[in-house]
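Student:
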Amino acid sequence: MKISPFKLERYFDKYEFSAPYLLSSSDCEPLRLNELLALADEKSRSEWDVLKLGYTESMGDPVFRNEISKLYTSISPEDVLVLVPEEGIFISMNVFLEKGDHVVTTFPGYQSLYQIAEDMGCPISKWEPDQDLNFQVQDLKKLVTDKTKLIVINFPHNPTGSLISKNDLNEIVNIAQEKGITLFSDEMYRFMEYDEKDRLPSVCDLYENAVSLFGLSKTFGLPGLRMGWLTTRNKNYMQDLISFKDYTTICNNAPGEKLGTIALQNKDTLIQRSLKIIQTNLLLLEDFSQRHKQWFLWKTPKAGSIAFPELKIKGTVMDFCQDLVKEKGVMLLPHDVYDFSRNHVRVGFGRQSLPKVLSVFEEYVKEKSPAK
């Protein structure tokens, strides 16, 4: 199997560690190791100090999986497979799909959610949002056929920050149940809803033939641990996923699992930390977009640490972003990396550096604005 280049990751690789001002990061402000360890109780801290760096259980440390299961209503530790988040997508696509299987997926989105299937030879139908960046379930229904093998959804959505209602989610589950379709749900931004009433249940709690992806990278501010997990109540699915993992990472890194356990034992503290940062920064972004309406068509997201405003310029968005990083060192992500046709940019506002980055970006906007 030959896999197409991951456009977003290649773009980030070029600028993420060289551009001084990041305006497209998808995560929340990463914690330092001492900040996380300061949250540990005496037992967890003592276990960290004597941690053996040997092989670990393939499914994941039982204590860690037990903490993960508490995030769900019907998931037991045996229903959890710990792995790298990207690995979870790769394994799932290979387990659930064969060449020729039809896939319906939210779009735009994280490229591997559709690219792996496409490169396997699967026809892809893309469920796109309307002009207000809202996803309409009736549009999804039109894409599902009797040949559909997998439906891929992602809410809260990357990159728009969009959400659907609980009724809409139940309707999607009903569609999958009626046609015997497997449902894969990317839930990496779960618990980052600005209004808790908008929070969706995990799909794995609603449907036996569903697999949910979650992890520590976004909500918990720990992307460097590379810890994620798949959850499903389907025992056959789980066995197939475990068997495939034997050909990827085999097992997880011991320090990451121990630190992940500490994080989830303090999940409310970390969730509130992230929400405080993004809600503060969101106000700054909304004010910025109001001051520069001639440049941006702003749509306030409902969850997460990213937004997807439309850029109102004469040239191409790629040229704009390339000039911005060259002139000011500000990295902004163009719609091109999502293979999306509309002129949008991804803005990340989960980092504490956002006020400074916005001030530099504003310098650029003012310099490029035509004189009145």
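In our numbering, the protein residues as written are 838 to 1209. All C-beta atoms, glycine included, are put in the ideal place defined by N, C-alpha and C. Bear in mind that the values here come from a model prediction, so they are computed numbers and not experimental data.
What whole-angstrom Cβ distance do GLY1242 and ASP864 have, given they're in contact under 8 Å?
Tutor: Residue 1242 cannot be examined here, being either before or after the span of the chain that is shown, 838 to 1209.
Student: Counting C-beta neighbours from all protein chains within 10 Å, is the total for GLY1052 16 or more, i.e. buried, or is it exposed?
Tutor: Buried, because 16 or more other Cβ atoms sit within 10 Å of the Cβ of GLY1052.
Student: What do you reckon, are the CB atoms on VAL1182 and SER929 nearer than 9 Å?
Tutor: For VAL1182 and SER929, no; Cβs fall outside 9 Å.
Student: What would DSSP say about GLY1255, mapped onto helix, strand or coil?
Tutor: The question about residue 1255 has no answer, for the chain in this structure spans 838 to 1209.
Student: Pick helix, strand or coil for ASN991, following the three-state DSSP scheme.
Tutor: If DSSP states are grouped into helix, strand and coil, ASN991 belongs with the strands.
Student: For TYR858, which beta-bridge partners are listed by DSSP?
Tutor: In DSSP, TYR858 forms a bridge with VAL1167.
Student: Please report the residue range of the alpha helix (DSSP H) in which LYS844 lies.
Tutor: 844–852 is the extent of the alpha helix (DSSP H) around LYS844.
Student: In three-state DSSP terms, what is SER1206?
Tutor: SER1206 falls in the coil class under three-state DSSP.
Student: According to the neighbour-count rule (16 or more other Cβ atoms, all chains shown, within 10 Å of its Cβ), is ALA875 buried or exposed?
Tutor: Exposed, since its Cβ has fewer than 16 Cβ neighbours within 10 Å.
Student: Classify SER1142 as helix, strand or coil using the three-state DSSP reduction.
Tutor: It is coil, neither helix nor strand.
Student: Please report the straight-line C-alpha distance between GLU853 and LYS1193, rounded to a whole angstrom.
Tutor: So the alpha carbons of these two residues sit roughly 17 Å apart.
Student: Label LYS1209 either buried or exposed according to how many other C-beta atoms from any shown protein chain fall within 10 Å of its C-beta, with 16 as the threshold for buried.
Tutor: Low local confidence applies: a pLDDT of 44 at LYS1209 is under 50, so the model's placement there is unreliable, and no value is given.
Student: Is it buried or exposed for ASP1124, if we count other Cβ within 10 angstroms and need 16 for buried?
Tutor: With fewer than 16 Cβ atoms within 10 Å of its Cβ, ASP1124 is classed as exposed.
Student: Provide the residue span of the alpha helix (DSSP H) that contains ASP1035, from first to last.
Tutor: ASP1035 -> no alpha helix (DSSP H), and no H or E assigned at all.
Student: Just how far apart, CA to CA, sit ILE1009 and TRP885?
Tutor: Cα-Cα distance, rounded: 42 Å.
Student: Whose CA, out of ARG869, LYS1055, MET1064, MET1075, lies closest to the CA of GLU1045?
Tutor: That would be MET1075, whose Cα lies nearest to the Cα of GLU1045.
Student: From the DSSP output, which residues share a beta bridge with SER962?
Tutor: Looking at the DSSP assignment, SER962 forms a beta bridge with VAL941.
Student: As a quick exercise: from TYR947, ALA1047, LEU1120, pick the residue whose alpha carbon is nearest that of ARG847.
Tutor: When each option's Cα is compared against that of ARG847, the closest is TYR947.
Student: Would you list the residues sitting across from PHE1133 in a DSSP beta bridge?
Tutor: Answer is LEU1148.
Student: Do you know how far the Cα of GLU1199 is from the Cα of LEU1050?
Tutor: Taking the straight line from one Cα to the other gives about 37 Å.
Student: Once the 5 residues before and after CYS1210 are set aside, which same chain residues still bring their CB inside 6 Å of it?
Tutor: The structure shown does not extend to residue 1210, since the chain is modelled only from 838 through 1209, so no value can be given for it.
Student: Between PRO1138 and the rest of its own chain, which residues show a CB-CB distance below 6 Å, the 5 nearest in sequence each way excluded?
Tutor: Same-chain partners within the cutoff: GLY998, ALA1144.
Student: Pick from ILE905, PRO1060, THR942: whose alpha carbon is nearest that of LEU977?
Tutor: Answer by Cα proximity: THR942.
Student: Quick one, which of VAL1202, ASP1176, GLU1015, GLN1014 has its alpha-carbon nearest SER841's?
Tutor: Here the closest residue by C-alpha is ASP1176.
Student: Assess contact between the stretch 909–916 and the stretch 1124–1135, defined as three or more Cβ pairs (one per stretch) separated by less than 8 Å. Is contact present?
Tutor: Contact fails: fewer than three Cβ-Cβ distances are below 8 Å.
Student: On the three-state DSSP scale, how would you describe LYS986?
Tutor: Of the three classes helix, strand and coil, the one that applies to LYS986 here is strand, per DSSP.
Student: What is the rounded straight-line gap between the Cα of ILE988 and the Cα of PHE927?
Tutor: Looking at the two C-alpha atoms, the distance is approximately 15 Å.
Student: How many Å lie between ASN1007 and MET1029 at the Cα?
Tutor: The alpha-carbon atoms of ASN1007 and MET1029 are separated by roughly 20 Å.
Student: Ends of the alpha helix (DSSP H) at LEU1078?
Tutor: Residues 1072–1082.
Student: Taking DSSP as the reference, what is the three-state secondary structure of ASP1023?
Tutor: If DSSP states are grouped into helix, strand and coil, ASP1023 belongs with the strands.
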